[in-house]
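**Q** If you read the protein sequences in the order shown, they are chains A and B. Residue 334 in the numbering used here sits at position 334 of the first sequence, and the numbers go up by one each step. Plus 484 on top of the position in the second sequence (first one is 1) and you've got the numbering used here. For every residue, glycine included, the Cβ atom is placed at its ideal position computed from N, Cα and C.
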Amino acid sequence: MKFFKHIITASAILFIGQSCSDYVDYDPIENFQITADVYFQSANDYEAAVIGTYDPLQWMYLNILIGDIASDNSLSGGETATDVIGLQQIDNMTHNPSNDNLTSIWKWCYEGINRANYLEQNKNKIAFDRKEALYGEVYFLRAYYYFELVKLFGDVPLFTTNRLTATDSKSLQRVPASEVYAQIEADLKNAAKVLPTSQSQKGRATKYAAQALLGKVYLYQDKFTEAASEFEKVIGNFTLVSDYGSQFLKAGENGSESVFEVQHSNTSNWYDWGFTPQGTEGNFGIIHNGPRAFGGPIYASGWSFNVPTADLYNSFEDGDSRKDASILDIVAFAQETGATYAEGYKHTGYFNNKYIPRAGESGAQTELNYLTNYRSIRYADVLLMAAEANVRAAAPNVAKAQNYLDLVRDRAFGDTEHRVTATRQAIWAERNFELSMEGHRFFDLVRTKQAASKINGFVDGKHDVFPIPQQEVDISGLTQNSGY
Amino acid sequence: MKSLLLSFFLCLASITMYSQTNEIQGTVSDKSGNPLPGVSIVVKNTTNGVTTDFDGNFTLPKIQSGETLIFSYLGFVSKEIVVSSFKAMTVVLEDDTQSLEEVVVIGYGTQKVSQISGAVSTVNSKSVEILKPVRAEDALQGQASGVNVISSGSPGAKPTVLIRGIGSSSGNDPLVVIDGVTQTLDDLNSLNPSDIESMSVLKDAALTAIYGVSGGSGVIVVKTKSGKRSGKTTFSFDSSYGIQEVTKTIPVLNASEYAAILNEASSNAGEGIIFDDISSLGAGTNWQDEVLIDAPIITNNITAAGGSENTSFFLSGGYLMQDGVVGGGDKSYFNRANVTANFNTNLSEKFVFIANTSYANIKSAGLSENNIGSVLSNALNFDPMVSPYDANGKFGISETITQEIKNPLALIDNTYNKGNTNKFFGKLELEYDIIDNLKVSTRFGYTYTDVYGKNFTPLQYYGIGHNSTSANEDLSPIISVDPDTGDITSTHNRISESRTNYFNFTYELFGNYNFKIQDNHNFDIVLGLSVAKNTGNSITANAEDIPFNSWDYADVSAATGDAESQTSGSWQYVKRNNSVFTRINYDYDDKYLFSFTGRRDGSTSFGKNNKFAFFPSASLGWIISHENFFQSSAVSFLKIRGSYGSVGNDNISPQFATISTFPKYTFDGNIVSGSTLQSIPNDDVTWENQVQYNVGVDARFIDSKINLTAEYFKKTVDDLLFNPTLSLYLGTPEYPTANIGSTESSGYEISLGYNDTYGDDFNLNTNVNFTTIENKVTAINNGDKFIDGAGYGIPYTTLTRFEEGYAPFYFYGYKTDGIFQNQSEIDGHATQNGAAPGDIRYVDVNEDGVVDGEDRTQIGDPYADFMIGWNLALNYKNFDFNAFVYASVGGDVYRAYERNLNYTNRFAGTLDRWTGEGTSNSEPRVTFVDTNNNRRVSDRYVEDGSYVRLKNIQLGYTLPENLYETSGFSNVRFYVQVKNAVTFTDYSGYDPEISSGVSDTGIDRGSYPQPRVWSMGVNVKF
């Protein structure tokens, strides 16, 4: 029986001999986990982190929906008065700080900023060829996310050097919007310096994208001279497509008019509702805009949010090709094709024809996988912004403005008979004919101080910005916007 | 046998003729007729005595009539018999379930019940046999005080088991130890309950501290059966067949009521009526009747136990088959096969080798339950105007419901999944008796689990435009042509297969030494080491386009989809612990008890800076009844005891700064992979530290016929592990778990038993146990002072909260205050946006003049205030009767199954809705434009979930022995049983007992009710 005694003795020795702490140390590589310590060792790591920084662009569907729902262009819709209540409240101008949708926007924009900052933090680890141009994309993206925040919320916390960690929680306060704008301008200038005018992969930010966004950022601050000069750098490098409506179809994606476009794909086959929109490559905004229980050609079923008003539809002049390209008259369509649909809440009879579920454009889980890109900055937008900047600049250049406005109207009507004089009001009106249902209207109305006169329930000095999410106020002790 | 008995009689008869001093012979057996070897037989007031042999026979020489013989045997009630004749005696000893000599299995050893100074509840094999649970832990409900078991009716589902309340938000499953091997509560689904010899629930720190960081939620120690050395091989077979039925349906609107309500809701919203003629609609379909099916449950078990001089064995095989009452056995079942072989052999005089091996196979399939997509949720909310099947035999389709909710029969039909689990668990153990009373054991315990799962999502049709429709009406794929590019896309069916392996082992080395100093100082010491490793890994494959859209062909290997549609995934984890532990039990003269336990644990789960911790406990006891001054005829045993100590919880994963390669973006229409920082580490994270004190009293009265145990405990948990709420501007990475909260729990536990025999034929055994529990979260040191628990609905709304100053996971929502009867009431109330007459008036709790999110408050608590279990066992001659009643009082239930969307079906209460001033003050108006959001989380949906349930009632009859004397059987018993026979409750849903995890408890999203089970069965021993 010595054998068994030996077993026991041996195992005792094994036990005691084994260093206790080694056994309970854990190395992430045991589970094949890549950790921050071993990352940023090759150019590929940097490229991947930049792709990760683009990723949150795909989550911005709420920003776009709000751009029209909050405005006079469209109504909330949905199934019932409580369907996505955050959007219902925004439509009614009854939104308050406890708004899940605004909270999501806040978090997602800051995730984008943190991802950009993480690259900033690790910038000097190694050198590689494409580094400078790559960081141009990083600064462009950071500016994009900060611009979304400052448009929506006004004064916001600002940080640029590193990704925040747990110890940074509650350490920051809001800074004036002007400081945030200064950072956005700096980032975009840096980006424009190093970015190429064209990228081999469609979807990446270019020098023109940075300049166009910088011009827009100037315009939002009423810096018209600077804005005009930035737009001037972009103008001439793009062309308007001849058929206005074609650019919103799949074949029109990344076309000649596209200055910056948020990319989506239907091939990721995303199924997890709980991690949408973050997980999917599809455009989750699209399903919101579709007619309910739709049966018929061309389109597919959706959730009947963001329904354009009859006023918007009827505001278009006869002969304007943008009317039906922008808005689907479902009643007429159903009569013509025999299509069926169900009416949702606040049914108007109209749907957003630019961003709408189209048959065959999604993946297996249809709601989550629409391939439709978001045309974030179109050349027509740049022309109209340039026209406005030139009209409103300290030293106006009305001829230039007229030229840009004419380009846009001529394309819309297919002739030169429908030109109008490039006044500030005419340009503002033109912006909505050209850009309605693309998520710009509310911000344009606020920027141009027209919101109170156009939007029911809008209170100047309150609704210019949305409330800081209550959760953030509670956790971080941030001040609230006035009126909320 | 017969001839042997005959010769005894002849022999005895001849002896009696001679003298009054004589030899006496006999046999001793237990109640079931099994002979008992080693029973001590002593002539009272002498030292004369013998013990029975292997067959239970004894012979005592020189006995005078009138002398008293005392028969005693561990675990049985001692019996005194006055010798009146010298006929061969047949002595039957009764099991002594309350025996003071009874030992309980505790961590790394056993202890006499009488000498325990900690808190333990035990459930023995007899209770388990009578209750016939599907899962072993169900047998603890109402049987063991201090344990709250909340079960689900779903076949094989894991119940929520809470020992002494909810200490933590990160995990409250007790540790399970089977024959010394640590396992998890999930593993209990593969244990055959009929293999269980005993279950001990270790409740206080005195007993759980030996498990240190794993003991924080209490410990369930299971001992499986074993054979007896030198015993006769005995066989037993039992079989039962039962039918399960759901006894309650929830009143919903019938077709004409539904149409009328919809018309009214539409016109209240200023829209036209929807159905012109509602008179012809009739009752329509009650979908609950369509999906609730009477389903069978069958169990069969066979065992063999016995041993030779050096070896004992226990073999068992079992098969359980349970079909689901929702949807029936095709789609919902739990079939378990078990094989167990326990061997115990002396390799030499000094060495004992023990090998316990169990194998379980579980085949199961399930339907979605207790969530918004579940069969019952659909059955309750679906359109009653639809026929189950249309004229062509296809599933009926609703004209009005085009989103989310489906014909539940179609949903059942389109659900295809199956699981197959193979599991081996057991131990190899070597015991070495170095000297008398010093034993060293080395033990390797293991659990190997292999889980295979398959899930098929066919192309399905619920009507054109329904968001769950993925096929045309003929179930062909929907082909869409992009009008712009001509690209063709198609819908697909999907298959997913996964295989997951778990391997857990513990290796332990420990010594038990008990010794005496000067007769009165008794020591029992344990000292040992433990190393544990738990690993798991999984791989999943997904594919599309199964031929013929058919389950028969549903396999990844048969899928015809393109390469892009074939995806895969995998994960793995590892966790290691190493520990040293000790326990010193000391008593002085069996009067004063002292115990010290300590364990030092290391774990991979914890931060670099906190790898180890020490968990000590100590307890004291005083057996007053053993004092000389204690003289009481009424009180036969009295002990008071107290304990204090700490245990832990390491329910988190190791932390480090991970780079996730999940983020993706699209360039040129192609998806490209990116990266981001996924998680932020916390190097200081450490165990949840629980401190508990316990005081108790154990007493027995009137010759131990009455026994009483009462205790009070209080535990505080500090350093609760949470994902803290951090500033939102940190973005969306996984925040590090931190130790940032505290809870406090306290309660009383009383169990009272009575056991008596009247005459020869009638025995009564009854016990009542009573458990109270009060939980409170005392600190959450994040900004919010709370973390969200579970919720329900679309959009998902949080309902439960783990918040400072409240009970854990209480219901959080609006308080209602009747219905606004008219506009002036609205004007007179705090501003409530969107309210109209007929809408619900919500209470402005913070009195700021506005009803908003800030007015949400506590509207319920899902956990019961107290629980009572009452058992009654009666034996009369060959009849036995058992009843078990369980009551759970004070828990609330939230009716989350009511969707109340515009077109969903409504519940019967809607018929009494508000239709004008004074018509109702509880049911709001119906309207398609619910601007007041009457559906918001409020106390309107909260009900008292208290209930009293006759859980088990059983009547058995044991055939008289003479009927099968010659057949070789030793015991044949038939029984009939009704489980969940009657439930008394005010809850309007199916079943107030709703189990789905600690943070989800009490949320009824269409939970699987516990069926009533009518069954009959037979036990045979031979």
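How would you list, in chain order, the residues of chain A whose beta-carbon sits under 9 Å from the beta-carbon of E1048/B?
**A** T267 and N269
**Q** Applying the 10 Å Cβ sphere with the 16-neighbour rule, what's the burial state of N44/A?
**A** exposed
**Q** Taking the CB atoms as reference points, tell me whether V1329/B and T1341/B lie closer together than 9 Å.
**A** yes
**Q** Suppose only complete runs of 3+ residues qualify. What are the beta strand (DSSP E) ranges in the stretch 958-1012 of chain B, listed by chain order?
**A** 963-965, 972-974 and 978-1001
**Q** I need the DSSP call for L615/B, collapsed to helix, strand or coil.
**A** Three-state result, L615/B: helix.
**Q** With the cut-off set at 9 Å, would you say I762/B and N752/B are in Cβ contact?
**A** Remark: C-beta atoms of I762/B and N752/B do not approach each other more closely than 9 Å.
**Q** Buried or exposed for Y1072/B, going by 16 or more other Cβ atoms inside 10 Å?
**A** Burial check for Y1072/B: the Cβ neighbour count within 10 Å stays below 16, so the residue is exposed.
**Q** Below 8 Å, can you find three or more Cβ-Cβ pairs linking the stretch 796-807 of chain B to the stretch 604-617 of chain B?
**A** no
**Q** Per DSSP, which one or two residues make a beta bridge with A186/A?
**A** Partner(s): none; A186/A has no beta bridge.
**Q** So for S583/B, helix, strand or coil by DSSP?
**A** Annotation note: pLDDT 49 at S583/B (below 50); position unreliable, coordinate value reported separately. Here S583/B sits in coil by DSSP.
**Q** Between the Cα of E434/A and those of R174/A, M60/A and N73/A, spot the shortest distance and give me the residue it belongs to.
**A** N73/A
**Q** When you compare each of E185/A, Y135/A, E120/A and G344/A to F147/A by their alpha carbons, which one comes out closest?
**A** E185/A
**Q** When the cut-off is 9 Å and only beta carbons count, does L1385/B lie next to chain A?
**A** yes
**Q** Which of the residues in the stretch 1060-1077 of chain B, read from start to end, lie with their CB under 8 Å from any CB of chain A?
**A** Listed by position along the chain: R1060, N1061 and N1062.
**Q** If the cut-off is 8 Å on Cβ atoms, which residues from the stretch 187-203 of chain A count as contacting chain B, listed in chain order?
**A** Q201, K202 and G203
**Q** Where L1447/B and R1433/B are concerned, what is the direct C-alpha to C-alpha distance, given to the nearest angstrom?
**A** 38 Å
**Q** Within the same chain, show all residues whose beta-carbon is closer than 7 Å to that of T1394/B, passing over the 5 residues directly before and after it, in chain order.
**A** L737, I745, E1407 and V1410
**Q** Identify, in the order they occur along the chain, each residue of the same chain with its Cβ nearer than 6 Å to the Cβ of V937/B, setting aside the five sequence neighbours on each side.
**A** Correcting the residue identity first, residue 937/B is Gly in this sequence and not Val. Excluding positions up to five away in sequence, the list reads G903 and S982.
**Q** Since S1127/B and N1178/B should fall inside the 8 Å C-beta cutoff, what is the C-beta to C-beta distance between them, to a whole number of angstroms?
**A** That belief holds up - the Cβ atoms of S1127/B and N1178/B are roughly 5 Å apart, short of 8 Å.
**Q** Just how far apart, CA to CA, sit K1000/B and N632/B?
**A** It is roughly 40 Å from the alpha-carbon of K1000/B to the alpha-carbon of N632/B.
**Q** Are the CB atoms of Y932/B and K907/B within a distance shorter than 9 Å?
**A** yes
**Q** Leaving out the 5 sequence neighbours to the left and right, which residues in its chain are closer than 8 Å to T1300/B when beta-carbon positions are compared?
**A** Taking C-beta separations shorter than 8 Å and ignoring five residues to either side along the sequence, the partners of T1300/B in its chain run I1324, R1325, Y1326, V1327, S1422, D1423 and R1424, following chain order.
**Q** Would you report the Cα separation of L584/B and T1193/B, rounded to the nearest angstrom?
**A** No answer about L584/B holds up, because its pLDDT of 49 lies below 50 and its placement is not dependable.
**Q** At the level of alpha carbons, what is the spacing between I298/A and D1134/B?
**A** 56 Å
**Q** Within a Cβ cutoff of 7 Å, which residues of the same chain sit near D155/A, ignoring the five residues on either side of it in sequence?
**A** R174, V175, P176 and A177
**Q** Anything in chain B within Cβ reach of D55/A, meaning under 8 Å, just list it in chain order.
**A** P1147, K1148, Y1149, G1158 and T1160
**Q** Distance check for T1051/B and Q349/A, CA to CA, integer angstroms please.
**A** What sits at residue 349/A in the sequence shown is Gly, not Gln. Whole-angstrom Cα-Cα distance: 41 Å.
**Q** Under 7 Å, CB to CB, which of the residues in the stretch 926-944 of chain B have a partner in chain A?
**A** Here the close residues are T926.
**Q** Name the chain A residues that come within less than 7 Å of H976/B, Cβ to Cβ?
**A** A364
**Q** Check each candidate in W1035/B, P1100/B and G1302/B and name the one with the smallest Cα separation from G1322/B.
**A** G1302/B
**Q** Could you give the first and the last residue of the continuous alpha helix (DSSP H) run that contains R441/A?
**A** Element bounds for R441/A: R441 to R447.
**Q** Considering only DSSP beta bridges, list what A788/B is partnered with.
**A** F719/B and L799/B
**Q** Which chain A residues sit within Cβ distance under 8 Å of Y1219/B?
**A** Residues of chain A passing the Cβ test: A166.
**Q** According to DSSP, I1124/B sits in a beta bridge with which residue or residues?
**A** Partner(s): W1106/B and V1181/B.
**Q** Can you tell me the Cα-Cα spacing of E1228/B and N190/A, whole angstroms?
**A** When rounded, the separation of the alpha-carbon atoms in E1228/B and N190/A is 56 Å.
**Q** In the DSSP assignment, the beta strand (DSSP E) including K1148/B goes from what residue to what residue?
**A** Note, K1148/B: beta strand (DSSP E), K1148 to F1151.
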